[in-house]
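Take a look at the structure set out below.
Protein chains: 2
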Amino acid sequence: MPQTNRQGRNGSELTMREVAERAGVALSSVSRVLNNHPDVSNSMRSRVLAAVSELNYEPNLIASSLRRGSTMTVGFIVADISNPLFAEFSKGAATELDLAGYTMVLANSEFKRERDAQLARLFRWRRVDGLIVSLADQEYPETIAELQRLEAPIVLFDRDAPKLPQASTVTADHAGGIRRATDHLLDLGHSRIAMITGPSSLRPTQERVRGFSNAYRARGSRYPADLLRTGSFDAAFGEAATSDMLLRQSPPTAIISGSNQLLVGVLRTLHRMSLRPGRDIALVSCDDVPLAELHHPPITIVHRDTINMGAVAAQLLLERIRDVDAPPRLASVRTELLVRDSTFPITT
Amino acid sequence: MPQTNRQGRNGSELTMREVAERAGVALSSVSRVLNNHPDVSNSMRSRVLAAVSELNYEPNLIASSLRRGSTMTVGFIVADISNPLFAEFSKGAATELDLAGYTMVLANSEFKRERDAQLARLFRWRRVDGLIVSLADQEYPETIAELQRLEAPIVLFDRDAPKLPQASTVTADHAGGIRRATDHLLDLGHSRIAMITGPSSLRPTQERVRGFSNAYRARGSRYPADLLRTGSFDAAFGEAATSDMLLRQSPPTAIISGSNQLLVGVLRTLHRMSLRPGRDIALVSCDDVPLAELHHPPITIVHRDTINMGAVAAQLLLERIRDVDAPPRLASVRTELLVRDSTFPITT
DNA sequence: TTGTATGCGTTATCAA
DNA sequence: TTGATAACGCATACAA
Numbered sequence: 002m003p004q005t006n007r008q009g010r011n012g013s014e015l016t017m018r019e020v021a022e023r024a025g026v027a028l029s030s031v032s033r034v035l036n037n038h039p040d041v042s043n044s045m046r047s048r049v050l051a052a053v054s055e056l057n058y059e060p061n062l063i064a065s066s067l068r069r070g071s072t073m074t075v076g077f078i079v080a081d082i083s084n085p086l087f088a089e090f091s092k093g094a095a096t097e098l099d100l101a102g103y104t105m106v107l108a109n110s111e112f113k114r115e116r117d118a119q120l121a122r123l124f125r126w127r128r129v130d131g132l133i134v135s136l137a138d139q140e141y142p143e144t145i146a147e148l149q150r151l152e153a154p155i156v157l158f159d160r161d162a163p164k165l166p167q168a169s170t171v172t173a174d175h176a177g178g179i180r181r182a183t184d185h186l187l188d189l190g191h192s193r194i195a196m197i198t199g200p201s202s203l204r205p206t207q208e209r210v211r212g213f214s215n216a217y218r219a220r221g222s223r224y225p226a227d228l229l230r231t232g233s234f235d236a237a238f239g240e241a242a243t244s245d246m247l248l249r250q251s252p253p254t255a256i257i258s259g260s261n262q263l264l265v266g267v268l269r270t271l272h273r274m275s276l277r278p279g280r281d282i283a284l285v286s287c288d289d290v291p292l293a294e295l296h297h298p299p300i301t302i303v304h305r306d307t308i309n310m311g312a313v314a315a316q317l318l319l320e321r322i323r324d325v326d327a328p329p330r331l332a333s334v335r336t337e338l339l340v341r342d343s344t345f346p347i348t349t
Numbered sequence: 002m003p004q005t006n007r008q009g010r011n012g013s014e015l016t017m018r019e020v021a022e023r024a025g026v027a028l029s030s031v032s033r034v035l036n037n038h039p040d041v042s043n044s045m046r047s048r049v050l051a052a053v054s055e056l057n058y059e060p061n062l063i064a065s066s067l068r069r070g071s072t073m074t075v076g077f078i079v080a081d082i083s084n085p086l087f088a089e090f091s092k093g094a095a096t097e098l099d100l101a102g103y104t105m106v107l108a109n110s111e112f113k114r115e116r117d118a119q120l121a122r123l124f125r126w127r128r129v130d131g132l133i134v135s136l137a138d139q140e141y142p143e144t145i146a147e148l149q150r151l152e153a154p155i156v157l158f159d160r161d162a163p164k165l166p167q168a169s170t171v172t173a174d175h176a177g178g179i180r181r182a183t184d185h186l187l188d189l190g191h192s193r194i195a196m197i198t199g200p201s202s203l204r205p206t207q208e209r210v211r212g213f214s215n216a217y218r219a220r221g222s223r224y225p226a227d228l229l230r231t232g233s234f235d236a237a238f239g240e241a242a243t244s245d246m247l248l249r250q251s252p253p254t255a256i257i258s259g260s261n262q263l264l265v266g267v268l269r270t271l272h273r274m275s276l277r278p279g280r281d282i283a284l285v286s287c288d289d290v291p292l293a294e295l296h297h298p299p300i301t302i303v304h305r306d307t308i309n310m311g312a313v314a315a316q317l318l319l320e321r322i323r324d325v326d327a328p329p330r331l332a333s334v335r336t337e338l339l340v341r342d343s344t345f346p347i348t349t
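Keeping their order, the protein sequence lines are chains A and B.
194 is the number that the working numbering gives to position 193 of the first sequence; each next residue is one higher, with no gaps.
163 is the number that the working numbering gives to position 162 of the second sequence; each next residue is one higher, with no gaps.
Put into structure tokens, the structure is as follows:
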């Protein structure tokens with residue numbers, strides 16, 4: 002005999018079967034009542050519900066998922082769950098999904114592309130109804146292959162993946178934000194502007210570089226290629242890159258940091274070198290966090306509504322879960338420049 | 002030619018049945034091979050695996066869960082997923098659970114106690130194999146009732162719940178940390194020390210108050226009750242409480258903030274009042290975040306290893322998932338005082 | 001070592 | 001409107 006024990010009188014799980022017996026009706030009727038099927042009489046409904054509460058019956062969502070073919074579950078693969086920014090994305094998404102009755106499963110790739118692929122497979126095996134992915138590497142073939150095999154809808158979170166044309170995408174206007182930041186600095190008289198940002202293979206980086214370049218080009222010049230550093234999103238990279246650039250013969254007079262984590266590294270180096278933002282060097286970073294607001298002086302920021310961005314991702318996904326034929330969509334969240342005291346006119 | 006789509010020919014799912022047919026063996030043999038059952042011949046293994054890869058078979062974890070009675074899934078209810086601290090707890094837990102083959106489902110109560118209860122029920126219905134909970138309210142009867150009905154093991158995360166004696170608990174030595182922080186301030190000559198911390202109904206708050214009180218009592222005095230403010234963990238409360246206290250006739254000369262979020266509020270008020278920590282007022286906060294490290298001046302912190310705390314929670318849970326008879330355990334993570342420039346000797 | 005057969009708890013189809 | 005019954009895909013007791 003296959004043995005399973007949960008609750009219930011004799012050690013086996015309390016199921017609809019017992020409820021049906023108690024109410025003196027058929028198993029199928031219990032199911033209908035519990036699923037609000039239209040064709041149930043009031044007397045049937047009350048008899049069943051009485052039995053349900055007497056026995057303290059609890060539905061088994063696993064069995065339900067198997068039978069229905071849908072798990073009411075959505076996966077979200079993020080690159081770094083401990084980054085408060087990702088935490089806010091996931092909060093926005095989770096709130097929206099909850100409202101629709103979906104449970105979000107959050108997974109962390111730790112910026113490892115192999116992990117992306119693994120997780121995509123695991124989610125497929127778990128039969129999620131949809132997937133939101135902020136890939137560690139938007140080109141990695143294994144990951145793309147795994148995602149292509151997924152029949153559930155996909156939303157790419159701030160990533161480009163031409164090989165996944167069936168996916169919806171949510172992004173932020175990084176190019177516009179950095180364009181405004183660069184214009185702001187150029188207007189203040191800075192010409193040696195450094196930009197330190199993430200991996201060059203990721204959309205946010207590509208967009209930021211584009212915005213940076215556009216600002217210079219609009220003035221008939223080219224951006225200083227020696228002052229552009231792409232690499233990764235972590236503090237250590239920000240720290241090293243800042244150090245490097247400031248030790249040059251002609252150091253930058255302004256720095257643009259491409260993320261909150263990079264900002265931590267940039268500030269570590271500046272503090273170590275006793276350079277004060279807003280006085281000795283101009284500083285702009287991306288995404289508003291307490292550190293930026295409460296730093297002395299407060300730091301100028303390219304801001305976006307992170308909670309909302311998560312919510313939009315969830316909406317795009319739900320749209321396609323509900324309507325299989327809905328075409329993939331692209332949504333972009335706007336950015337805005339919050340000018341604070343870390344940027345100042347250069348005096349030559 | 003391996004079929005690339007996991008849907009079978011007729012649109013229905015590709016199952017072990019097809020694999021068995023393709024390999025010319027019984028359905029059960031496929032299952033045995035895939036589950037590494039000891040009694041399988043090498044020839045059987047290779048035949049089955051060949052068919053599996055030819056057909057691109059993918060297991061259905063939902064069906065497997067139903068049959069096995071275990072979902073290889075663990076729930077984690079946190080009060081505020083967007084707080085970087087909780088994000089780190091969950092990262093530590095997820096990493097540990099992953100290693101053991103479990104998938105973590107993170108849920109956010111937003112510090113709403115009704116949400117705790119709802120989520121506990123949902124997780125029960127989803128048949129999670131275990132649950133880690135950082136309750137919004139450790140007394141709320143509905144939540145306690147829901148948790149009591151869960152037959153899967155529970156780990157309380159930095160919470161006390163005497164009504165749940167079957168649960169393991171992981172906590173941090175908040176009392177010791179605050180005791181050291183208070184001693185530090187008293188040694189520096191401060192006597193009007195304010196403490197602003199979370200809800201008085203939660204363990205961390207209770208422990209902090211205890212540590213605060215102990216420090217004074219060890220010196221034969223009592224802590225200044227008018228300077229203790231408990232309330233909530235958010236920045237708004239920190240901002241208001243700080244404001245209140247500083248506008249009194251005899252304001253504190255030092256402030257202890259009970260969380261990273263409260264710190265944000267405290268600093269907002271101090272900045273607004275142009276009071277500089279480390280010069281005009283001494284400041285200690287709990288949990289090291291970039292803001293504390295990179296603030297000017299850097300802020301003295303009661304530190305704990307958050308990632309590790311998450312990992313320990315996962316370990317306690319796995320211990321009881323694997324051995325049903327294992328007794329509940331209590332683990333405590335140590336805290337340490339990181340003395341920085343925000344604390345200084347008072348000059349009267 | 002392998003095959004046969006059953007049931008996990010639910011939903012959906014079909015008659016009644 | 002209700003009831004009987006057949007899947008959903010898999011893992012296991014048992015027979016061979």
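Note that beta-carbon positions come from the ideal geometry of N, C-alpha and C, so glycine has one too.
Quick caveat: nothing in here was measured; it's all calculated off a predicted structure.
Practice task
Would you please verify whether the beta carbon of B:His-185 is less than 7 Å from any beta carbon of chain A?
Solution key: no
Exercise for the section: Following the continuous alpha helix (DSSP H) through A:Met-381, name the residue where it begins and the one where it ends. Expected result: Outside the shown range of chain A (2 to 349) lies residue 381 of chain A, about which nothing can therefore be said.
Handout entry: Residue closest to B:Val-129, alpha-carbon to alpha-carbon, out of B:Thr-307, B:Leu-189, B:Met-17 and B:Leu-67
Key = B:Leu-67
Problem - B:Ala-26 (DSSP reduced to helix, strand or coil) - result: Going by the sequence as given, residue 26 of chain B is Val instead of Ala. In this structure, B:Val-26 counts as coil in the three-state DSSP scheme.
Practice task
Out of A:Leu-247, A:Leu-318 and A:Gly-177, point me to the one whose CA is closest to A:Asp-99's CA.
Solution key: A:Leu-318
Handout entry: Whole beta strand (DSSP E) elements within the segment 246-307 of chain B, 3-residue minimum
Key = 255-258, 283-287 and 301-305
Exercise for the section: Tell me the start and end of each unbroken beta strand (DSSP E) in the segment 122-182 of chain B that is at least 3 residues and wholly inside, in chain order. Expected result: 131-134, 155-158 and 169-173
Practice task
Output the distance between the C-alpha atoms of B:Arg-7 and A:Ile-308, rounded to the nearest integer angstrom.
Solution key: Confidence is the limiting factor: at B:Arg-7 the pLDDT is only 37, short of 50, which leaves the residue's position unreliable, though a coordinate-based value still follows. Computed Cα separation, rounded: 35 Å.
Exercise for the section: Specify, as a first and last residue, the run of the beta strand (DSSP E) that A:Ala-108 falls within. Expected result: 104-109
Handout entry: Contact list for the segment 92-109 of chain B against chain A, Cβ threshold 7 Å
Key = Lys-92, Ala-95, Thr-104, Val-106, Leu-107 and Asn-109
Exercise for the section: Give the DSSP-derived three-state secondary structure of B:Thr-348 in the structure shown. Expected result: coil
Practice task
Could you tell me which residues DSSP pairs with B:Thr-231 in its beta bridges?
Solution key: B:Thr-198
Exercise for the section: With a 10 Å radius around its C-beta and 16 neighbouring C-beta atoms as the bar for buried, classify B:Leu-284 as buried or exposed. Expected result: buried
Practice task
Taking only beta-carbon positions, decide if A:Ala-118 is within less than 7 Å of chain B.
Solution key: no
Practice task
Can you have a look at A:Pro-3 and say buried or exposed, based on whether 16 or more other CB atoms are within 10 angstroms of its CB?
Solution key: A caution first: A:Pro-3 carries a pLDDT of 31, below 50, which makes its placement in the model too unreliable to give a value.
Practice task
Give a yes or no on whether 7 Å exceeds the smallest Cβ distance from B:Ser-323 to chain A.
Solution key: Here the sequence assigns Arg to residue 323 of chain B, which means Ser is not the residue at that position. No, because no Cβ of chain A sits closer than 7 Å to the Cβ of B:Arg-323.
Problem - Buried or exposed by the 16-neighbour rule on C-beta atoms within 10 Å, applied to A:Ala-51 - result: exposed
Problem - Presumed contact (8 Å Cβ cut-off) between B:Ser-83 and A:Pro-154, rounded CB distance - result: About 25 Å; that fails the 8 Å criterion.
Handout entry: Contact residues within the segment 28-40 of chain A, judged by C-beta distance below 9 Å to chain B
Key = none
Handout entry: Contact set between the segment 54-85 of chain A and chain B, restricted to residues whose Cβ is under 7 Å from the partner
Key = Glu-59, Pro-60, Asn-61, Leu-62, Ile-63, Ala-64, Ser-66, Leu-67, Thr-72, Ile-82, Ser-83 and Pro-85
Handout entry: Status (buried if at least 16 other CB within 10 Å, exposed otherwise) for A:Arg-69
Key = exposed
Practice task
Report yes if the C-beta distance between A:Ser-110 and A:Ile-78 is below 7 Å; otherwise report no.
Solution key: yes
Exercise for the section: Spell out whether any CB of chain B is found under 7 Å from the CB atom of A:Leu-295. Expected result: yes
Handout entry: Cutoff 7 Å; reference B:Leu-28; Cβ partners in own chain excluding five residues on either side
Key = Met-17, Arg-18 and Ala-21
Practice task
Quick one: measure Cβ to Cβ for A:Asp-342 and A:Gly-239, integer angstroms, because I've assumed they're closer than 8 Å.
Solution key: So it is not a contact: roughly 20 Å between Cβ atoms.
Practice task
Mind checking the segment 256-273 of chain B against chain A and listing, in chain order, the residues whose C-beta falls within less than 9 Å of any C-beta there?
Solution key: Asn-261, Gln-262, Leu-264, Val-265, Leu-268, Arg-269 and His-272
Exercise for the section: Specify, as a first and last residue, the run of the alpha helix (DSSP H) that A:Ser-71 falls within. Expected result: Taken as a continuous stretch (DSSP letters only), A:Ser-71 belongs to no alpha helix (DSSP H), as it is neither H nor E.
Handout entry: Residues near A:Val-34 by beta carbon distance below 7 Å, same chain, minus five either side
Key = Val-41, Met-45, Arg-46, Val-49 and Leu-50
Handout entry: DSSP state of B:Ser-333 mapped onto helix, strand, coil
Key = strand
Problem - Residues near A:Met-310 in its chain [Cβ-Cβ closer than 7 Å; skip 5 each side] - result: Phe-90, Gly-93, Val-171, Ala-173 and Val-334
Practice task
Using a Cβ cut-off of 7 Å (strictly closer), state whether A:Glu-22 contacts chain B.
Solution key: no
Exercise for the section: Rank A:Phe-158, A:Gln-207 and A:Glu-140 by C-alpha distance to the C-alpha of A:Phe-87 and give the top, closest one. Expected result: A:Phe-158
Practice task
Kindly indicate if chain A contains any beta-carbon less than 7 Å away from that of B:Pro-291.
Solution key: yes
Practice task
Examine chain B for any beta-carbon lying closer than 7 Å to the beta-carbon of A:Arg-128, and answer yes or no.
Solution key: yes
Handout entry: Residue of A:Ser-135, A:Leu-120 and A:Ala-255 minimising C-alpha distance to A:Thr-183
Key = A:Ala-255
Problem - Per-residue burial, A:Ser-251 [other beta carbons within 10 Å of its own, 16 or more giving buried] - result: exposed
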